[in-house]
Amino acid sequence: MKKILMGLALAALTAAASGAATAAYPEKPIRLIVPASAGGAADTLARMIAKRLNEKFRQPVVVENKPGAAAIIGMTDIAKAQPDGYTLGMTFSGAMSINPSLYESLSYDPIKDYSPIAMVAVSPLIITASPKLGVKTLGGLLDMAKKEPGKLTFASTGTGSTQHLSMELFRSTAGVDMMHVPYKGSAAAVIDVQSGLVSTLSDNAITLIPFIQSGQLVPLAVETAQRIPALPNVPTVAELGYPGYQAVGWYGLLAPAGTPEPIVSKLNGAINEMLDEPTFTQWLGQQGMQPQRDTPEGFRRYIAQEKDKWAQVIKTANVPRQSVR
Numbered sequence: 221m222k223k224i225l226m227g228l229a230l231a232a233l234t235a236a237a238s239g240a241a242t243a244a245y246p247e248k249p250i251r252l253i254v255p256a257s258a259g260g261a262a263d264t265l266a267r268m269i270a271k272r273l274n275e276k277f278r279q280p281v282v283v284e285n286k287p288g289a290a291a292i293i294g295m296t297d298i299a300k301a302q303p304d305g306y307t308l309g310m311t312f313s314g315a316m317s318i319n320p321s322l323y324e325s326l327s328y329d330p331i332k333d334y335s336p337i338a339m340v341a342v343s344p345l346i347i348t349a350s351p352k353l354g355v356k357t358l359g360g361l362l363d364m365a366k367k368e369p370g371k372l373t374f375a376s377t378g379t380g381s382t383q384h385l386s387m388e389l390f391r392s393t394a395g396v397d398m399m400h401v402p403y404k405g406s407a408a409a410v411i412d413v414q415s416g417l418v419s420t421l422s423d424n425a426i427t428l429i430p431f432i433q434s435g436q437l438v439p440l441a442v443e444t445a446q447r448i449p450a451l452p453n454v455p456t457v458a459e460l461g462y463p464g465y466q467a468v469g470w471y472g473l474l475a476p477a478g479t480p481e482p483i484v485s486k487l488n489g490a491i492n493e494m495l496d497e498p499t500f501t502q503w504l505g506q507q508g509m510q511p512q513r514d515t516p517e518g519f520r521r522y523i524a525q526e527k528d529k530w531a532q533v534i535k536t537a538n539v540p541r542q543s544v545r
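Take a look at the structure:
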């Protein structure tokens, strides 16, 4: 009996110590791993989040860029880190939703290897056309595509990118045959669509809006669930006859699997506080993003749904499996 009581007392003390440590979190600097290069959207967002967390918690939040192999290097490092709340990761749609179906022998599992913390933002995609094509609406593009199957082309920032797969989803949903022309990044793709060498391009709003405003690209539809403030007169794909259609890039914060729930909850609250701040949401808008809040469990479900969605798109479009280099 004495041993049982001692065991219960020890367990109670351990739980109390753990609870106290969680309440005091964070007590030392936090690493925030970004599986992408400095200067990109994920990095820019991570650095703003790091700044805000530093201001809230009075502890340094150090951003570490670990790019390479389509985010696989950085995502693997996040998964293998100690689940103590002092290593976090900035993640995005390609790394979590697309890579599992696109790459052979992936070194991480997006569902099992992480503790989702919070959604942060979505990046709207816009379907645009070359001015040389002579279409002004999505319906006009579809009419042209159906009259001459396989003649129209669409550019992307690379095979398996969100930009590529969003157009594969649209092509499949609308029942049209268009040829994919992959590029290494947005710059070359935009140039060739402007010139008429390629018919269309779907890309992030922040990339395309300057070209739309200058008349160098024609906006046909946005791929978000609602219209975006920057282009209020451009309809969504959904309202043009494809209800439920949505394709976006997204960004969120996570930690290694097994991170204590109270720490995850504390960080989720901090992120959602940011999303309530007008200065932060205004800054997001300037980056071409829209705020997107969720609970940790809601974020987990969203990751799983997006993973299944893009797996089906990749299968339907017969996108070849890629090797990690």
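Residue 435 in the numbering used here sits at position 215 of the sequence shown, and the numbers go up by one each step.
The beta carbon of each residue, even a glycine, is placed where N, CA and C say it ideally should be.
Residues in its own chain within less than 8 Å of residue i by CB, not counting five upstream and five downstream?
| i | result |
| --- | --- |
| Tyr403 | Ala375, Ser376, Thr377, Gly378, Ala409 and Asp412 |
| Ala531 | Pro320 and Ser321 |
| Ala235 | Residue placement at Ala235 is poorly supported in this model, since its pLDDT is 48, which falls under 50; the coordinates are not used for a value here. |
| Lys352 | Ser415 and Gly416 |
| Leu385 | Ile318, Ala467, Trp530, Val533, Ile534, Ala537 and Val539 |
| Gly478 | Pro303 and Ser335 |
| Pro439 | Ile346, Ile347, Thr348, Leu428, Ile432, Leu451 and Val454 |
| Ser485 | Pro516 |
Could you name the residues of the same chain whose beta carbon sits closer than 6 Å to that of residue i, not counting the 5 residues immediately before and after it, in chain order?
| i | result |
| --- | --- |
| Tyr245 | Gly305 and Ile483 |
| Gln383 | Ser376, Thr377, Ser422 and Asp423 |
| Gly405 | Thr377 |
| Val401 | Thr373, Ala375 and Val418 |
| Arg513 | Asn492 and Leu495 |
| Phe500 | Met494 |
| Gln506 | none |
| Arg541 | Glu324 |
Identify the continuous alpha helix (DSSP H) that holds residue i and give its terminal residues.
| i | result |
| --- | --- |
| Met387 | Thr382 to Ala394 |
| Ala299 | Ile292 to Lys300 |
| Asn319 | Asn319 to Leu322 |
| Ala445 | Note, Ala445: premise wrong, no alpha helix (DSSP H); not H, not E. |
| Asp412 | Ser406 to Ser415 |
| Met364 | Leu358 to Lys367 |
Which residues share a DSSP beta bridge with residue i?
| i | result |
| --- | --- |
| Thr307 | Arg251 |
| Met339 | Gly472 |
| Ser543 | BP columns for Ser543 are empty, so no partner. |
| Glu555 | There is simply no residue 555 to check, as the chain begins at 221 and stops at 545 in what is shown. |
| Leu345 | Asn424 |
| Phe547 | With the chain covering 221 to 545 only, the question about residue 547 has no answer from this structure. |
| Thr373 | Met399 |
| Tyr328 | Tyr328 is not bridged to any residue. |
Counting along the chain, where does the beta strand (DSSP E) carrying residue i start and finish?
| i | result |
| --- | --- |
| Thr377 | It is not in any beta strand (DSSP E) - Thr377 carries neither H nor E in the DSSP assignment. |
| Pro402 | Met399 to Pro402 |
| Pro439 | Val438 to Val442 |
| Leu421 | Thr420 to Asn424 |
Does any CB atom of chain D fall closer than 7 Å to the CB of residue i?
| i | result |
| --- | --- |
| Asn274 | Structure shown: chain D not included; a single protein chain is present. |
Closer than 7 Å by C-beta to residue i: which residues in its own chain qualify, once you throw out the five before and the five after it? Chain order, please.
| i | result |
| --- | --- |
| Pro280 | Pro249 and Asn274 |
| Met364 | Val355 and Leu372 |
| Ala299 | Tyr328, Asp333, Tyr334 and Pro476 |
| Ala301 | Thr307 and Pro476 |
Check your understanding: Along the chain, which unbroken stretches of the beta strand (DSSP E) at least 3 residues long are found entirely within the region 237 to 276?
Key -> 250 to 254
Exercise for review: Report the residue ranges of all beta strand (DSSP E) runs contained in full by the region 457 to 527; include only those spanning at least 3 residues, in chain order.
Suggested key: If we require 3 residues or more, the beta strand (DSSP E) runs fully inside the region 457 to 527 come out as 468 to 476.
Check your understanding: Three or more beta-carbon pairs under 8 Å between the region 487 to 494 and the region 338 to 346, yes or no?
Key -> yes
Exercise for review: Evaluate contact between the region 293 to 303 and the region 258 to 277, counting only Cβ atoms and requiring at least three cross-stretch pairs below 8 Å.
Suggested key: Result no; under three Cβ-Cβ pairs closer than 8 Å.
Exercise for review: Would you be able to state if there are at least three C-beta pairs under 8 Å between the region 324 to 332 and the region 522 to 529?
Suggested key: yes
Review point. At a cut of 8 Å, does the region 429 to 447 reach the region 277 to 284 through at least three beta carbon pairs?
Key: no
Check your understanding: Okay, do the region 341 to 354 and the region 425 to 442 touch, 3+ Cβ pairs below 8 Å being the bar?
Key -> yes
Review point. Would you call the region 305 to 317 and the region 465 to 474 touching, i.e. three or more CB-CB distances under 8 Å?
Key: Between the region 305 to 317 and the region 465 to 474, the count of Cβ pairs shorter than 8 Å is three or higher; the stretches touch.
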